[in-house]
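**Q** Taking the UniProt record's numbering, the leading residue of the sequence shown gets 1, the next gets one more, and so forth.
All residues carry an ideal CB built from backbone N, CA and C; glycine is no exception.
Treat the numbers as computed from the prediction; the structure is a model and nothing was measured.
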Amino acid sequence: MTSNATGLVRPVIMCGGSGTRLWPASREAFPKQFAPLIGELSTFQETLARVNDPSLFGRPLVITNKIHRFMVERQVAEIGLEADILLEPVARDSGPAILASSLYIAEHSPDALVLVLAADHVVLDVPAFRAAVAAGIEAARAGKIVTFGIIPSSPATGYGYIEAGATVAGEARAVARFVEKPDHETALRYVASGYLWNSGNFLFEPATIIDEYAGHDADSVAGVRAAVAGAKTDLGVPVLDEASFLSAKKISIDYAVMERTAHAVVVGGDFGWSDIGGWDALWAVSPQDASFNAATGDVTFIDTTGSYVSSEGQLVAVLGMTDTVVVATRDAVLVADKARSGEIKGLVDTLKKAGRIEATHHARVYRPWGWYRTLEQQDRFQAKRIVVYPGGQLSLQKHLHRSEHWVVVKGTARITVDDSVRDLSENESIYIPRGAIHRLANPGRIDVEIIEVQTGSYLGEDDIIRFEDVYNRA
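Have a look at this one:
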């Protein structure tokens, strides 16, 4: 386990949200923190890059769930950084997650402060962000729980607010009170009175948050402490003990600690922050043209103003629209009034109740070894594009109801069929008979891409018998 120099700030990156308010770009199987919403990096990668300053920050700890573990590892490696990972067996909201992370860092880096950051927030001014963190260190070392308040740029109704009191230590001021998301008139009054947006990011000594949590819910602290102590290692990554973790109350850190503690302080800042809580928020922080339109992908605007349009792989032309959101992915299209972005979560719930797979899964399906996308599916055949990352390999498996034909279109694929192992290069192919034990692997340094054509009486993903799997799947 990697230790950190005395006194450094260890970032804890919370990476477990589902991000349904940005559907269809963000879905439970591939939430918004892993998507490149602004620029080429995902917001998770941008968060990692923000804390890549060894003069201030130690090694990050990413707390996520088992479903997203391999995506986290992949995206950390893509940008050449390193991080520790702690896996939640089940989601218990931010309270137990932050508590578990604090207990972990108290054990492995006892002199470090903890900086809790959400993986799906945007920060446009990185130097100003780092300056705000540095400004909170004195208060955190004095036993305070520092939250970062954002100087409002508008009377936003989508954020909670903080009323700041007298200066306590350095630039930190006492928190007079936290207030919930207001209506427009109340927000106007808050902004005029100097209230700050509540960013939901925190800085503290591990012992402070542990003691404060225990003062209000000792049983949950005992449960999470047992979950950390009883963690089992899965492919080198600790997984919290499920039974112990489940015994902790499911609660946010705001309700568990922040709204009860007498030690909360706030450091104000203006570093271009947004929690990207909806398409309207993403529009607000995206580059815009002279007509206040923002776009990603192949998009053409005609007589359109104040709109956000995103296209994945096809031309989207927008004519005569105002304050509209259009998001076109390969399997779903959203058209919405930008002012009603907050209702997207309800739309997703409606789709879930209707049994629509598009509510939770993308056309591109991610696996530990890479990803695949269905290109065409009919009654007795299916065509897929499959990408295997360098060093990745599918499980050793067989199918009872289908045969497969693989054509390599990029890289060199190592293919096992029963007792035969051979390497295939671009434009070479192989047939996998129904019932044959087989595996696809990538021994090279670039992605392997194949086109797979399946034929058979049943083509479901559950027609698979695994004999061996390096990712410990059942």
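What's the gap between the Cα of Asn-472 and the Cα of Leu-440?
**A** Counted from its first residue, the sequence shown places residue 472 at position 472. Counted from its first residue, the sequence shown places residue 440 at position 440. Approximately 16 Å between the Cα atoms of the pair.
**Q** Closest by CA to Thr-47, which one among Ser-55, Leu-117, Ala-383?
**A** Here residue 47 refers to the residue found at position 47 of the sequence shown. The option with the nearest alpha carbon to Thr-47 is Leu-117.
**Q** Jot down the residue ranges of each uninterrupted beta strand (DSSP E) in the stretch 422-457, minimum 3 residues, whole runs only, in chain order.
**A** 429-432, 438-441, 448-456
**Q** Going by C-alpha distance, which of Thr-233, Gln-397, Glu-138 is nearest Glu-88?
**A** Translated into positions along the sequence shown, residue 88 becomes position 88. Out of Thr-233, Gln-397, Glu-138, Thr-233 has the C-alpha closest to the C-alpha of Glu-88.
**Q** Which value, in whole angstroms, describes the spacing of the CA atoms of Leu-319 and Ala-290?
**A** The residue labelled residue 319 in the question sits at position 319 within the sequence shown. The residue labelled residue 290 in the question sits at position 290 within the sequence shown. Leu-319 and Ala-290: Cα-Cα distance of roughly 16 Å.
**Q** Can you confirm whether the stretch 261-281 touches the stretch 118-138 when touching is taken to mean that 3 or more C-beta pairs between the two stretches lie within less than 8 Å?
**A** yes
**Q** Assuming contact is defined by CB atoms lying nearer than 8 Å, are Val-114 and Arg-260 in contact in what I supplied?
**A** In the sequence shown, counting from the first residue as 1, residue 114 sits at position 114. In the sequence shown, counting from the first residue as 1, residue 260 sits at position 260. Result no, Cβ atoms of Val-114 and Arg-260 do not sit closer than 8 Å.
**Q** Hey, how far is the Cα of Gln-288 from the Cα of Trp-279?
**A** The sequence position of residue 288 within the sequence shown is 288, counting from 1. The sequence position of residue 279 within the sequence shown is 279, counting from 1. Those two C-alpha atoms are separated by around 14 Å.
**Q** On the three-state DSSP scale, how would you describe Glu-376?
**A** Here residue 376 corresponds to residue number 376 of the sequence shown, with the count starting at 1. Looking at Glu-376 - three-state DSSP - the assignment turns out to be strand.
**Q** Counting beta carbon pairs with one atom in the stretch 130-142 and one in the stretch 194-207, are three or more of them shorter than 8 Å?
**A** yes
**Q** For Ser-55, count neighbouring C-beta atoms within 10 Å of its own C-beta (all shown protein chains included) and say buried if the count is 16 or more, exposed if not.
**A** For this step, residue 55 is matched to residue 55 along the sequence shown. Within a 10 Å sphere around the beta-carbon of Ser-55 sit fewer than 16 other beta-carbons, which makes this residue exposed.
**Q** What did DSSP end up calling Ala-290 once you bin it into helix, strand or coil?
**A** Within the sequence shown, numbered from 1, the residue matching residue 290 stands at position 290. In the structure shown, Ala-290 sits in coil (DSSP, three-state: anything other than H, G, I, E or B).
**Q** Would you kindly check if the distance between the Cβ of Tyr-195 and the Cβ of Glu-242 is under 8 Å?
**A** For the purposes of this step, residue 242 is identified with residue 242 of the sequence shown, where counting begins at 1. For the purposes of this step, residue 195 is identified with residue 195 of the sequence shown, where counting begins at 1. No, Cβ-Cβ distance for Glu-242 and Tyr-195 is not below 8 Å.
**Q** Rounded to whole angstroms, what's the CA-CA distance from Ala-169 to Ala-256? Just pull it up for me.
**A** Residue mapping note: residue 169 aligns to position 169 of the sequence shown, counting from 1. Residue mapping note: residue 256 aligns to position 256 of the sequence shown, counting from 1. Answer to the nearest angstrom: the Cα atoms are 24 Å apart.
**Q** Which two residues bound the contiguous alpha helix (DSSP H) that contains Lys-352?
**A** Indexing the sequence shown from 1 puts residue 352 at position 352. Unbroken alpha helix (DSSP H) run through Lys-352: 344-353.
**Q** Provide the residue(s) that pair with Val-114 in DSSP beta bridges, ordered along the chain.
**A** Counting from one through the sequence shown, the residue named residue 114 turns up at place 114. Paired residue(s): Arg-10, Phe-204.
**Q** Is it the case that the stretch 454-466 contacts the stretch 401-410, given that we only count it when at least three CB pairs across the two stretches are under 8 Å?
**A** yes
**Q** With 16 as the cutoff for other CB atoms within 10 Å, does Ser-18 come out buried or exposed?
**A** Counting from 1 along the sequence shown, the entry for residue 18 is found at position 18. It is buried - the Cβ of Ser-18 has at least 16 other Cβ atoms within 10 Å.
**Q** What do you reckon, are the CB atoms on Lys-345 and Asp-93 nearer than 8 Å?
**A** Mapped onto the sequence shown, residue 345 falls at position 345. Mapped onto the sequence shown, residue 93 falls at position 93. With contacts defined as CB atoms closer than 8 Å, Lys-345 and Asp-93 fail to qualify as a contacting pair.
**Q** Which one or two residues does DSSP pair with Arg-385 in a beta bridge?
**A** Mapped onto the sequence shown, residue 385 falls at position 385. Note: Arg-385 sits in a beta bridge opposite Arg-373, Ile-451.
**Q** Restricting to Cα atoms, I'd like to know which of Gly-223, Phe-34, Asp-111, Phe-467 is closest to Thr-208.
**A** Position 208 of the sequence shown holds residue 208. For the residues Gly-223, Phe-34, Asp-111, Phe-467, the minimum Cα distance to Thr-208 belongs to Asp-111.
**Q** What does the alpha-carbon distance come out to for the pair Gly-236 and Leu-86?
**A** Looking up residue 236 in the sequence shown gives position 236. Looking up residue 86 in the sequence shown gives position 86. About 10 Å.
**Q** Throw me the rounded Cβ distance for the Gln-382 and Asn-442 pair, which I believe falls under 8 Å.
**A** Taking the first residue of the sequence shown as 1, we reach residue 382 at position 382. Taking the first residue of the sequence shown as 1, we reach residue 442 at position 442. With 8 Å as the limit, Gln-382 and Asn-442 do not qualify as a contact, their Cβ atoms being about 22 Å apart.
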